[in-house]
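Residue numbers (our numbering): 6 to 248.
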């Protein structure tokens with residue numbers, strides 16, 4: 006259940022988002038896992054139409070990305086993991102970045118391992134793919150106005166880099182099995198990796214369709230995450246907003 010008073014307690018003025026994109030999904034699942042209602046004051050921004058890059062949004066958030074928070078005192082918090090870190094600080098329970106210094110260090114260690122070697126390469130493989138001759142669908146040149154530098158010839162290598170991290174994770178879990186990436190407790194890295202996997206599965210990075218039979222731990226992990234109430238609620242929210 007979401008805490009409808011949490012928005013006021015946290016002094017969040019507006020939550021700017023485009024709910025069905027992957028980074029907003031991370032923040033939404035993270036907040037829902039904590040029982041925080043970000044949605045009473047949420048404002049959907051037309052990211053495909055570049056609304057987030059207009060002068061009004063850039064004045065608040067010069068990097069132009071989504072999601073971001075505007076607090077009642079005028080503070081703006083952008084960057085997905087920074088938002089999650091702030092939510093963790095102001096609402097410590099349940100802990101999603103570790104409840105002790107050691108657990109926090111381990112959660113952050115795994116978040117960096119997977120972000121640098123799986124999440125980022127996946128994002129860039131898809132961005133570069135949309136600029137390549139291999140992309141002929143509706144995403145063709147989607148990022149042309151969003152990224153000044155695209156390297157279409159590198160998309161396959163970037164995707165291979167991301168896949169190699171999943172293969173590495175499979176080997177790690179054979180020797181040290183657990184339900185979640187950083188151990189037995191679900192943490193922010195699980196939300197980030199799950200979101201990356203499911204969002205891009207049908208958008209140029211079909212890791213499960215192409216490699217799911219040998220990525221057995223990852224396949225089971227995706228199913229575990231998809232069954233969580235916060236994850237189900239996130240997907241339902243996206244359906245409600247976008248139909």
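Ideal placement from N, C-alpha and C gives every residue a C-beta, glycine not left out. Keep in mind it's a predicted model, so treat the numbers as computed, not measured.
With distances taken Cα to Cα, identify the nearest neighbour of residue i among the options.
i           : options              : result
residue 170 : 178, 205, 123 and 59 : 123
residue 79  : 39, 40 and 17        : 17
residue 222 : 97, 35, 40 and 176   : 176
residue 188 : 96, 158, 240 and 108 : 108
residue 219 : 66, 172, 245 and 210 : 172
residue 38  : 19, 56, 14 and 93    : 93
residue 113 : 149, 147, 89 and 237 : 89
residue 19  : 60, 55 and 76        : 76
residue 98  : 41, 236, 144 and 179 : 41
What distance in whole Å lies between the Cβ atoms of residue j and residue i, which are believed to be in contact at a cut-off of 8 Å?
i           : j           : result
residue 74  : residue 52  : About 16 Å separates the two Cβ atoms, so there is no contact after all.
residue 28  : residue 85  : 4 Å
residue 211 : residue 166 : Between residue 166 and residue 211 the Cβ distance is about 16 Å, and since that is not below 8 Å, they are no contact.
residue 24  : residue 242 : 6 Å
residue 82  : residue 239 : Incorrect: roughly 20 Å between the Cβ atoms, too far for contact.
residue 133 : residue 102 : Not confirmed; about 31 Å, so no contact.
Say yes only if the C-beta of residue i is nearer than 7 Å to one or more non-hydrogen atoms of the ligand MN, and no if none qualify.
i           : result
residue 161 : Looking for the ligand MN in the displayed structure turns up nothing, as the structure carries no ligands at all.
I need the DSSP call for residue i, collapsed to helix, strand or coil.
i           : result
residue 81  : strand
residue 145 : coil
residue 153 : coil
residue 105 : coil
residue 96  : coil
residue 16  : coil
residue 158 : helix
residue 217 : coil
residue 188 : strand
residue 140 : coil
Are the C-beta of residue i and some C-beta of chain D separated by less than 8 Å?
i          : result
residue 40 : The question asks about chain D, but that chain is absent: this structure has only one protein chain.
Determine, using beta-carbon pairs with one atom in the segment 194 to 212 and one in the segment 223 to 235, whether at least three such pairs fall under 8 Å. yes
Under 8 Å, with one C-beta from each stretch per pair, do the segment 153 to 164 and the segment 129 to 144 reach the 3-pair mark? yes
Enumerate, from N- to C-terminal direction, the unbroken alpha helix (DSSP H) stretches of 4 or more residues contained entirely within the segment 21 to 90. 27 to 39 and 60 to 65
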